[in-house]
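Participant: For what it's worth, the numbering used here labels the leading residue of the sequence shown as 2, then goes sequentially.
Even for Gly, the Cβ is constructed at its ideal location relative to N, Cα and C.
Bear in mind that the values here come from a model prediction, so they are computed numbers and not experimental data.
Could you have a look at this structure, given as structure tokens, before my questions?
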Amino acid sequence: MKNKVLLMIADGLGDRPCEELGWKTPLEAACKENLDRIASWGSSGIMDLWQCGTPVGTDLGHMILFGYGLPDYPGRGPIEAFGEGLELQPGDIALRANFATCRDGLVADRRAGRIRQGTRELAAALDGMQVEDVQVLFKEATEHRAVMVLRGPGLSSAVTDADPKKEGLPIRPARPRDGSPEAERTARILDRVLVRCQEILSQHPLNRKREAAGLLPANAILTRGAGQMPKLEKTAEKYHLKAACVAAESTVLGAARLAGFDIYTDPERMTGNLDTDIDRKVELAVKALADHDFVVLHMKAPDLMGHDGDPRGKVRAIERYDAMAGKVLEEIPKLTGFNLILALAADHSTPCERREHSGDPVPIVVAGKNIRKDQVTEYDEIHGAQGGLNRMTGHMFFQFLMDYLEVVPKEGN
């Protein structure tokens with residue numbers, strides 16, 4: 002019978018012992034009978050996404066889980082662009098952007114009062130502008146966030162951020178980060194683009210309405226995280242498989258689109274926080290399994306609690322993840338015509354004590370009827386280290402899952 006893989010990813014899941022939890026990790030402290038049940042069905046291990054002791058970002062962590070490596074990483078800008086549905090071409094320069102408020106030459110608010118309404122209209126006014134022989138693509142994202150793409154010949158991502166990172170300072174001029182003509186040209190063009198953005202936004206009717214209502218105008222753009230789109234083969238094409246991703250977080254969706262995965266999301270019901278609709282997520286995952294070989298089901302909340310330094314909040318997030326796993330288990334008897342392999346993983350550790358990503362390994366599980374079973378019956382960092390999968394890299398984990406889909410070529414005769 003044909004195998005299919007459902008990979009459940011809990012963002013930032015790994016942690017360190019927390020004093021507030023009696024020196025347990027949030028995973029050890031959480032009630033997680035469903036995750037433990039999955040662990041008891043197969044083999045456990047721990048995983049270094051890239052290499053031991055090296056923290057990775059959410060973007061790179063997911064790229065690795067989707068079949069790529071560090072040399073393939075294009076920067077955060079291109080991944081954010083893919084997350085917003087912009088299909089990049091090789092050579093494009095993509096930048097993360099904020100709508101911001103400027104007064105008297107200084108940044109008064111980096112997020113334009115966390116603007117939510119009207120950003121599509123503002124983005125449309127900027128999209129398609131031309132500076133020299135470079136076209137500007139501009140797309141709104143969540144709240145004050147946006148993506149800018151520079152498309153044209155002779156460009157480089159080696160330019161500095163225009164975002165000063167704090168209020169009361171002027172927008173930083175773009176500067177080349179190396180001595181190449183391409184970097185100098187890109188910095189010059191980006192400066193001209195940002196000036197033109199201010200001119201257009203300052204005169205936009207929506208901003209005049211905001212000011213009349215006592216709201217901060219979104220009259221400037223701040224850019225950061227420039228990256229250049231390399232020529233990358235899509236994972237789905239490389240392995241000749243149909244893959245899908247169920248997620249709400251734009252960075253994850255971007256990495257999935259870059260890999261050639263079909264996207265399943267629902268902005269009305271799915272969020273990147275504890276209030277996400279897990280019923281809807283599982284519903285979409287089951288739908289995707291009907292005609293996809295490899296399906297990713299993502300939850301963001303554990304990472305947010307780690308960044309907040311909130312161990313008890315992370316326990317709640319893990320228990321929410323466990324509830325989603327329980328709903329998956331309820332659906333398994335209804336899935337016919339194929340054998341489902343369940344995998345559990347994370348894109349990195351986000352220890353509450355650190356409030357940032359760390360290089361600690363994350364626990365992994367591969368479970369199913371045809372999976373070798375070890376003696377591990379609990380899903381956490383310590384029990385995982387005792388499992389039959391031992392310790393592997395993210396690339397090894399991805400290849401292991403692909404081998405169960407029988408898409409990895411044999412080496413040798």
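Please identify the residue among Ala257, Asp381, Val247, Lys370 whose C-alpha is closest to the C-alpha of Met325.
Facilitator: Val247
Participant: What are the uninterrupted segments assigned as alpha helix (DSSP H) that are 4 or more residues long and contained completely in the stretch 360-398, given in chain order?
Facilitator: 382-385
Participant: Give every residue of the same chain whose Cβ lies closer than 7 Å to the Cβ of Asp375, excluding the five residues on either side of it in the sequence, and list them in chain order.
Facilitator: Ser44, Ser45, Gly388, Gly389
Participant: So, Arg173 versus His145, is the Cβ gap smaller than 8 Å?
Facilitator: no
Participant: Just reading off the alpha helix (DSSP H) that Arg317 is part of, what are its end residues?
Facilitator: Run containing Arg317: 312-332, per the alpha helix (DSSP H) assignment.
Participant: Where does the unbroken alpha helix (DSSP H) through Lys3 begin, and where does it stop?
Facilitator: No residue range can be given for Lys3, since it is assigned to no alpha helix (DSSP H) and is classified by DSSP as neither H nor E.
Participant: Which residue's Cα is closest to the Cα of Met130: Arg193, Gly54, Ala213, Asp105?
Facilitator: When only C-alpha atoms are compared, the closest one is Arg193.
Participant: Could you spell out the range, first to last residue, of the alpha helix (DSSP H) harbouring Asp37?
Facilitator: 34-41
Participant: Give me the DSSP bridge partner(s) of Gly140.
Facilitator: Just to set this straight, residue 140 is Lys in the shown sequence, not Gly. DSSP links Lys140 through a beta bridge to Val148.
Participant: Return the first residue and the last residue of the beta strand (DSSP E) that Asn208 is part of.
Facilitator: First-last for Asn208: 206-213, but that is the alpha helix (DSSP H), not the beta strand (DSSP E).
Participant: Look up Arg355 in the DSSP assignment and say whether it is helix, strand or coil.
Facilitator: Residue state, collapsed to three classes: coil.
Participant: Could you say which of Cys53, Leu170, Ala237, Lys167 lies nearest to Phe399 if we only look at CA atoms?
Facilitator: Ala237
Participant: Between which two residues does the beta strand (DSSP E) carrying Met300 extend?
Facilitator: 295-300
Participant: Quick one: grab the DSSP three-state call for Gly228.
Facilitator: DSSP, read as helix, strand or coil, puts Gly228 in strand.
Participant: Taking all protein chains shown into account, decide if Met2 is buried (16 or more other Cβ within 10 angstroms of its Cβ) or exposed.
Facilitator: Per the 10 Å Cβ criterion, exposed.
Participant: Which value, in whole angstroms, describes the spacing of the CA atoms of Pro223 and Glu183?
Facilitator: The question names Pro, but residue 223 in the sequence shown is Leu. Pairing Leu223 with Glu183, the inter-Cα distance amounts to about 21 Å.
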